[in-house]
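This note's numbering applies: residue 46 is where the sequence shown begins, and numbers increase by one.
Only one structure is covered here, and it is reproduced in the block below.
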Amino acid sequence: MEEHLIWIATALFVAFLMELWAGFVHGQMWHGFLYLMHRSHHEPTGPFEWNDVLSASHAPIAIALIVYGCEATPALSTTLAFGVGVGMTLFGLSYLVVHDGFVHGRLPVSFLGRFTYFKKVRAHHHIHHAKGGAPYGFFLPPLRTSLTEASAVREMS
Ligand SMILES: [Zn+2]
Ligand SMILES: [Zn+2]
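Here it is in structure tokens:
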């Protein structure tokens, strides 16, 4: 029982940290020395983008942590590894569904537009696409502004 609480709490905390980490790597690396690949996300391309490789780059680490957590001799370290892997996966799937699926229309999830929060996420992310600058974060920046504010900034850009 206690073990479940540990990995669930770890997973939720890591999913939150991943948003901060994603905002950091997006601003410092994707728009830095890796812009060569990230550019494919800011220009019209076909069904797949070179940027997808960047998006998927954390998946092998998450898989390895989950496998280690399940297969190695049970200990606190394996419980934590499993939690970190699940948290990374939770963030990765959310990002895939909301960013690629909803905001960029690559998956049939337009129903998310019924929720104000996701409309705000979309408005904020469009600011990034219009200007190529901040916000680099995805899930957190929209929490600080109202939808009208987010849309107004978008109109201006
Ligand atoms: Zn985007
Ligand atoms: Zn970008």
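Positions of the beta carbon are idealized from the N, C-alpha and C atoms, including for glycine.
8 Å Cβ cutoff met for Val142 and Arg167: no
DSSP-derived helix/strand/coil call for Phe183: coil
C-beta contact flag for Leu243 and Thr161 at 8 Å: Only positions 46 to 202 of the chain appear in the structure, and residue 243 is not among them; the question remains open.
Nearest-angstrom beta carbon gap, Ala56 and Gly132 [assumed within contact, 8 Å]: 4 Å
Thr134 - containing alpha helix (DSSP H), residue span: Leu121 to Tyr140
Gly137 versus Thr118: straight-line alpha-carbon distance, rounded: 27 Å
Beta-carbon proximity check, Leu110 vs Met82, cutoff 8 Å: no
Contact check, Gly72 vs Tyr181, beta carbons under 8 Å: yes
Three-state class that DSSP yields for His76 in the structure shown: coil
Exposure of Thr134, with buried meaning 16 or more beta-carbon neighbours within 10 Å: buried
DSSP state of His87 mapped onto helix, strand, coil: helix
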